[in-house]
Structure formats: structure tokens, C-alpha cells
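For the sequence shown, counting from 1, position 84 maps to 64 in the working numbering; every step adds exactly one. Presented below is the structure to which this report refers.
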Amino acid sequence: MVKQPVTVNGVVRWRDMGEAHTVQPEKEEHKMVVLRHEIGDVLRDVRQRQGRTLREVSHSARVSLGYLSEVERGQKEASSELLSSICVALEIPLSLMLREVSERVALAEGIAIPDTVPTDMANEFADKSAGKPLASV
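Below, the structure written as C-alpha cells:
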């Protein structure tokens, strides 16, 4: 039996820690991923790479400036209809935006996902994002 000293209110007590061979290192904990934060980060990154303002995108997407700002900051959960409208305003496919979100979530979870977006498609939409591929964020 392994014992370890524990001090409580200045009094030292010995606590049983179990058998020496059963002590296992703690598992590495992954940071909890909040999907709305990742979606907001990707949308903001795309908009900023295009050199566009919140006002321009909110007008094109027909969503209030304040609500779009809250979506980008991860404070609001955007509906699929709203996400689609924002992606149309940003001139990127919804699927490509969701792909980037998926890659960010996988990275946070410590999972590697092979690239399955065709190079020509990625390059086509990279041109609209000021020359930077969406997946390189």
C-alpha cells in the first residue's frame, strides 16, 4: 500500500493511495470545443481575408449587423439558413466553410483528417479569399 502525506488545516495525515503498481498517469484532457465559436472564427477569418466589413456582409446576407457580429464572436448559434445566407454573401460554399470548421474541431480533438477537397476547387475559392486557401487558416 502506498501512502502520501496530506495537510489539512495544518494537520498532516497520511492518505492511502492504493497499490504502487496500479497508479496510472492521468489521461490528457482535450479542450472542450464549442461549435459556434469555431463557426464564428471561420466566418470572421474569411470575411477579413476578403477585406470586407461586417456591414457589407450583413447587408448582402440580409442579417442584422449586431446578429452577424454575435455569430462571428460565437455568442449566437446560427441556423442552417442563416449560415447558408452568410456563405452566399461571402461567395464561398457552405460545405467548404463547414469543412474548415470540421478540420478545426478535429485538430482540437487531436485527430488528423485526410484532405479530400479537390485541389482545383480549393484553389478556385482561395482566389476569392484574397489568395489564401480556406483550409490554411
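Built from N, CA and C at the ideal position, the CB exists for glycine as well.
| query | result |
| --- | --- |
| Do residue 71 and residue 22 have their C-beta atoms closer together than 8 Å? | no |
| Go through its chain and collect everything with a Cβ distance to residue 15's Cβ below 6 Å, but skip five positions before and after it. | none |
| With a 10 Å radius around its C-beta and 16 neighbouring C-beta atoms as the bar for buried, classify residue 20 as buried or exposed. | buried |
| At what residues does the alpha helix (DSSP H) containing residue 55 begin and finish? | It is not in any alpha helix (DSSP H) - residue 55 carries neither H nor E in the DSSP assignment. |
| Taking 8 Å as the cut-off, decide whether the C-beta atoms of residue 43 and residue 62 are in contact. | yes |
| How many Å lie between residue 58 and residue 49 at the Cα? | 11 Å |
| Does the Cβ-Cβ distance between residue 40 and residue 69 come in under 8 Å? | yes |
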